[in-house]
Every structure is written in C-alpha cells, then in structure tokens.
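Chemist: Residues 1 to 409 in the UniProt record's numbering are what the sequence shown spells out, letter by letter.
Quick reminder that beta carbons are idealized off the backbone N, C-alpha and C, glycines included.
Following this message is one structure expressed as structure tokens.
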Amino acid sequence: MSVALGTTRPLPVRTTPVGDPGDLLASLPKTAPYAWVRNGEGLVGWGQAAQVAVPPGPGRFAWARQWLHTVFGDAHVDDAVRTPGSGPVAFGTFTFDEDAPGSVLVVPRAVLARRGGHAWLTTIGEAPLETFSPVREPGRISYGDGSLSAPEWEHVVARAARRIRDGELEKVVLARDLVATAEHPIDVRLLLTRLARRYPECYTFSVAGLVGATPELLIRRTGQEIESLVLAGTTARGTGPADDVARGAALFASQKDRHEHECAIASVRQTLAPLCASLDTPDEPELLVLPNVQHLASHVTGRLADGASVLDVVAAMHPTAAVGGTPTDTAIKVIRELEGMDRAGYAGPVGWIDAHGDGEWGIALRSGLIEGNRARLFAGGGIMGDSDPAAELAEAQAKFRVMQYALEG
1 MSVALGTTRP LPVRTTPVGD PGDLLASLPK TAPYAWVRNG EGLVGWGQAA QVAVPPGPGR
61 FAWARQWLHT VFGDAHVDDA VRTPGSGPVA FGTFTFDEDA PGSVLVVPRA VLARRGGHAW
121 LTTIGEAPLE TFSPVREPGR ISYGDGSLSA PEWEHVVARA ARRIRDGELE KVVLARDLVA
181 TAEHPIDVRL LLTRLARRYP ECYTFSVAGL VGATPELLIR RTGQEIESLV LAGTTARGTG
241 PADDVARGAA LFASQKDRHE HECAIASVRQ TLAPLCASLD TPDEPELLVL PNVQHLASHV
301 TGRLADGASV LDVVAAMHPT AAVGGTPTDT AIKVIRELEG MDRAGYAGPV GWIDAHGDGE
361 WGIALRSGLI EGNRARLFAG GGIMGDSDPA AELAEAQAKF RVMQYALEG
C-alpha cells in the first residue's frame, strides 16, 4: 500500500528476543522480501506496515526524513531488545539521480534480525500471515543489450575521457545496463541466497525490486559513531594465485587507479568533515579481494558532532566521487549527457534506518532491478583521462558476473 505524509495511523510495534533463527534469508516468504545481510548477520523483512514513493527533487531526503519522523514518532513501541535495528525499521532505496522517480521507503510488518550473538523479531500489528512457498529456479536465461551496445558504450567512454583530457572535469563514473530474460518468474529469494553465499563480505540487499550484493558501505551510524568503506580502483581476479597477486600489485601501483581512489577519499572527507567532531581517513588504501574483482579500499571512521541521523549523513554524502565523479556537479551533467540511460536505484543509496536514526546504507552496486521474469543488470567504472575503452568495458563485464551468477548459479 502507499501511505501519504500526514495520513499514517499509529503503528503498534513489538520487538522481542528470539533464539538463533539460522539462515535469515531462509525465513523470507516469496512476496516482496526485504534484506540487508552480511556474513550471516543483518535484517530481513516482509509485509508492509507503511510504504511511500519519495518525490524526486533536491529536497527528497528532507521529505523522507519528515515522513519517517511522522511514522516513527506516532508508533507505539514495546522494544525489549533496545539495540540498533530493533523497534520499527524502514528499508529504503533512493535513485542515483535526484530528479528521477523511483525512490522508496518501506516499513515492513515483520523484521527478523541477528547481530553480535543476539537475535530478535519485530512485528507491527498482528503478526503477518505470509505464504512460504518453495524457491523456484528461473530456468534458462538469455541476455540482450540494454540502453547501449558494447561498442556504443566504448564510444561513450572515449568521449568522456576526451572531455577529461580537455580539462572539463577530473573523473566521471559511467555505467551500462544489460537485460536478462528468464524462462520463469525470477524468485528474489534465490538470488539473495546465492549472493550471500558467494559474496559473504558484501552487503546483500533487496528493497522494492532492487537486488544485489554491494561491497561498498556508504555509511553506518551507531549512536554518534560512523563508518564508511570507500572503494575506487578495480581490476579483475587473476587466472591463478600468481596472476592474482600480480594483478593486485599492478592495481596498487596504477597511477590512474590511485588517483581515482584519492578523488573518492577527498570527496568523502570533504563531505563528512563538517558533520564530525573527529574523522579518521587512512593515508594508504588496502586491497579488498572479492570472488570476481579486486578493489582499492579505505576504511573511514568518525564521530558525529550533533544528532544527525544516518539518513542525514546519506543526504550529505550522495553522490560520492566513487559513483559520480569529480567535480560532482560537472560529472552528473556529463553522465546525463553521455550515459544514455536512467540508472534508477543503481549507484544510489540503499539500506535501512531505525527510529533512533541508526542504520546502515550502502551504494547499490553489483545489482539489478527484478520484475517478473526480467532483470535489468547494472555495472560501471570510473573514467579518467587515460582510460582505455576496451579495458573499461572488460571491467564492467567482470562486475556484471555478480548478478549473472545470482541468476544462473
């Protein structure tokens, strides 16, 4: 259902401790599952106590904040757990482009969670009765071009690199899409299970049809403490251990990739510094090795100076240089001119927030929009002045493999 601002009814919310539920994703019914899981911990939800389509525009995060304040503020909460993620929780996805429709907030009727050896169940109203049906395979998968063919996208990359060399901007992140069609309707639960098992270090998510496993934590807020994992600079995994090590070393030594990473870190530092009493950013990135790619990664920590919620921090950070470019406004303009598609929720913020303003939000990378037997998959990469279009295409194809694996197994 869609709930408009100012017309919500008070939500009776109850959170109780439960025994270890085992695999959180195995608890999900077929209809409209919500998920945020990493290394077996996190939150899954189902049913809808409240849902809203957030109006597009520069004020969308402020609008969302007010809607959440109304919904959470009117709730009658009995919370025996009192930890981040207990009590009422909203899952959300925001489009990459603030002017694009498609941003959604949902307060599930039921949320099952596990973190740090504790598990709990939150229900709103009567416990929702859902049909738990067997997970079904999607059958044969066929693929077709999205908005641009591979050669067309390479041409776009070359045009972007030329504009960077001409001094218009320093970096731009370009994405492309791929359309997958399945023989049978796609069961989101199957995708989530495969993603969580194959990429346990990533954040496996599902919100309003957007499904994926992102390695990039935009922001985690726990009280006044915040954390962010910045990824920029990527190479494919090697053909064997020696090749893997060589590729990682080449990535770490790459001037292009190191500069791309420095742009991303500078963007995060500039955004978070005004919000924080203290902020720590590393001098050197680390190498994050995933099953399909290797990234340059930097772990950022800080302490907020005031009572900003996790959504307030999301609003300040998005879009980061890691998914937009540098300078941001110019990069967004170039993306709108060259990319030739609507990113929808891809590379936008996705995650959850509770009534105390705590939560975790990632950048919706390695993801797809699922509707019936069709999936629109997304991938992209940072373009610099010396970017090679063929290499950028290969990087995007490597990133597509995450969702292709989820579909095909």
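Just the Cα atoms here: how many angstroms apart are A236 and A242?
Modeler: Along the sequence shown, one-based indexing puts residue 236 at 236. Along the sequence shown, one-based indexing puts residue 242 at 242. Each residue's alpha carbon lies about 13 Å from the other.
Chemist: In the DSSP assignment, the beta strand (DSSP E) including G380 goes from what residue to what residue?
Modeler: Counted from its first residue, the sequence shown places residue 380 at position 380. Counting along the chain, the beta strand (DSSP E) containing G380 begins and ends at 374–383.
Chemist: I353 by DSSP, collapsed to three states: which one?
Modeler: Translated into positions along the sequence shown, residue 353 becomes position 353. Here I353 sits in strand by DSSP.
Chemist: Mind checking which residues open and close the beta strand (DSSP E) that includes Y346?
Modeler: By 1-based counting over the sequence shown, the position of residue 346 is 346. From DSSP, Y346 is part of no beta strand (DSSP E); its letter is neither H nor E.
Chemist: Does the segment 297–312 come within contact of the segment 214–224, defined as at least 3 CB pairs closer than 8 Å?
Modeler: Touching, yes, given that three or more Cβ pairs across the two stretches are closer than 8 Å.
Chemist: Mind checking which residues open and close the beta strand (DSSP E) that includes K171?
Modeler: For the purposes of this step, residue 171 is taken as residue 171 along the sequence shown, with counting starting at 1. Note, K171: beta strand (DSSP E), 171–182.
Chemist: Going along the chain, which residues of its own chain have a beta-carbon closer than 8 Å to the beta-carbon of V179, five neighbours each way excluded?
Modeler: Start at 1 with the first residue of the sequence shown, and residue 179 comes out as number 179. Correct list, in chain order: Y143, G144, D145, G146, R374, A375, R376, L377.
Chemist: Going by beta-carbon coordinates alone, are D187 and P138 separated by less than 8 Å?
Modeler: On the sequence shown, position 187 is the one that residue 187 refers to. On the sequence shown, position 138 is the one that residue 138 refers to. Yes, Cβ-Cβ distance for D187 and P138 is below 8 Å.
Chemist: Jot down the residue ranges of each uninterrupted alpha helix (DSSP H) in the segment 104–171, minimum 4 residues, whole runs only, in chain order.
Modeler: Listed in chain order, the complete alpha helix (DSSP H) runs (minimum 4 residues) inside the segment 104–171 are 150–165.
Chemist: Looking at C-alpha atoms only, which residue of H69, R366, R269 is the closest neighbour of H299?
Modeler: As a working mapping, residue 299 is identified with position 299 in the sequence shown. Closest option to H299, Cα to Cα, is R269.
Chemist: At which residue ranges does the segment 21–106 contain complete alpha helix (DSSP H) runs of 4 or more residues, listed in the order of the chain?
Modeler: Fully enclosed alpha helix (DSSP H) runs of 4 or longer: 60–73.
Chemist: Could you check the C-alpha separation between R38 and P349 for me, to the nearest Å?
Modeler: Taking the first residue of the sequence shown as position 1, residue 38 is located at position 38. Taking the first residue of the sequence shown as position 1, residue 349 is located at position 349. C-alpha separation (whole angstroms): 17 Å.
Chemist: Taking 6 Å as the limit between beta carbons, can you name the residues of its chain near K256, skipping five residues before and five after?
Modeler: Counting from one through the sequence shown, the residue named residue 256 turns up at place 256. Cβ neighbours of K256 beyond the five flanking positions: M384, D386.
Chemist: Flag this pair as yes or no: are the beta carbons of L24 and G45 separated by less than 8 Å?
Modeler: Position 24 of the sequence shown, counted from the start, is the residue given in the question as residue 24. Position 45 of the sequence shown, counted from the start, is the residue given in the question as residue 45. No, the Cβ-Cβ distance between L24 and G45 is not below 8 Å.
Chemist: My output table needs one value for D267: the three-state DSSP class, helix, strand or coil.
Modeler: As a first step, residue 267 is located in the sequence shown; it is residue number 267 there, counting from the start. This sequence places Ser at residue 267; Asp is not what is there. Of the three classes helix, strand and coil, the one that applies to S267 here is helix, per DSSP.
Chemist: Exposed or buried, which one is F96 when buried takes at least 16 other CB atoms within 10 Å?
Modeler: The count along the sequence shown starts at 1 and reaches residue 96 at position 96. F96 should be labelled buried.
Chemist: Going by C-alpha distance, which of V323, L288, D20, R247 is nearest S267?
Modeler: For the purposes of this step, residue 267 is identified with residue 267 of the sequence shown, where counting begins at 1. Looking at the Cα atoms, V323 is the closest of the given residues.
Chemist: Let me make sure I understand the geometry here. Which of G209, E152, K399, L407 has the alpha-carbon closest to that of G92?
Modeler: On the sequence shown, residue 92 is found 92 positions in, with the first residue counted as 1. Out of G209, E152, K399, L407, G209 has the C-alpha closest to the C-alpha of G92.
Chemist: Under 8 Å by Cβ, that's how I've got A297 and V211 pegged, so tell me the actual separation to the nearest angstrom.
Modeler: As a working mapping, residue 297 is identified with position 297 in the sequence shown. As a working mapping, residue 211 is identified with position 211 in the sequence shown. The pair is not a contact, with the Cβ atoms about 23 Å apart (cut-off 8 Å).
Chemist: How about A264 and A213: are their beta carbons less than 8 Å apart?
Modeler: What you label residue 264 is simply residue 264 of the sequence shown in a count that begins at 1. What you label residue 213 is simply residue 213 of the sequence shown in a count that begins at 1. No. Outside cutoff.
Chemist: Does the count of Cβ pairs from the segment 157–176 and the segment 193–204 closer than 8 Å reach three?
Modeler: Verdict: no, contact absent.
Chemist: Would G380 be called buried (16 or more neighbouring beta carbons within 10 Å of its own) or exposed?
Modeler: Position 380 of the sequence shown, counted from the first residue, corresponds to residue 380. Buried is the call here.
Chemist: Would you call the segment 81–89 and the segment 8–23 touching, i.e. three or more CB-CB distances under 8 Å?
Modeler: Yes, the segment 81–89 touches the segment 8–23.
Chemist: How about P84 and D358: are their beta carbons less than 8 Å apart?
Modeler: Residue 84 sits at position 84 when you count from the first residue of the sequence shown. Residue 358 sits at position 358 when you count from the first residue of the sequence shown. In contact: P84 and D358 (Cβ atoms closer than 8 Å).
Chemist: Using beta-carbon positions only, say whether S206 and I219 come within less than 8 Å of one another.
Modeler: Translated into positions along the sequence shown, residue 206 becomes position 206. Translated into positions along the sequence shown, residue 219 becomes position 219. Cβ distance not < 8 Å, so S206 and I219 don't count as in contact.
Chemist: In terms of DSSP beta bridges, what is D280 paired with?
Modeler: Walking along the sequence shown from the start, residue 280 turns up at place 280. In the DSSP output, where bridge partners are listed per residue, D280 has T301.
Chemist: Between L190, W36, A49, H76, which has its C-alpha nearest R114's C-alpha?
Modeler: Position 114 of the sequence shown, counted from the start, is the residue given in the question as residue 114. The option with the nearest alpha carbon to R114 is W36.
Chemist: Let's test the definition: count the other Cβ atoms within 10 Å of the Cβ of P285 and tell me whether it reaches 16, buried, or not, exposed.
Modeler: In the sequence shown, residue 285 corresponds to position 285, counting from 1. Result: buried.
Chemist: Which class does G223 belong to by DSSP, given the choice of helix, strand or coil?
Modeler: Numbered from its first residue, the sequence shown carries residue 223 at position 223. Reduced to three states, the DSSP call for G223 is coil.
Chemist: Taking the alpha-carbon positions, what's the F61 to V245 distance?
Modeler: For the purposes of this step, residue 61 is identified with residue 61 of the sequence shown, where counting begins at 1. For the purposes of this step, residue 245 is identified with residue 245 of the sequence shown, where counting begins at 1. Rounded to whole angstroms, F61 to V245 spans 42 Å at the Cα level.
Chemist: Taking the straight line between their C-alpha atoms, what separation do you get for G362 and E216?
Modeler: Taking the first residue of the sequence shown as 1, we reach residue 362 at position 362. Taking the first residue of the sequence shown as 1, we reach residue 216 at position 216. Approximately 6 Å between the Cα atoms of the pair.
Chemist: To the nearest angstrom, how far is it from the Cα of residue 417 to the Cα of H69?
Modeler: Any property of residue 417 remains undetermined from this structure, which presents the chain solely from 1 to 409.
Chemist: Please list, in chain order, all residues of the same chain as H155 whose beta carbon is under 8 Å from its beta carbon, the five residues on each side excluded.
Modeler: Within the sequence shown, numbered from 1, the residue matching residue 155 stands at position 155. Hits under 8 Å: P389.
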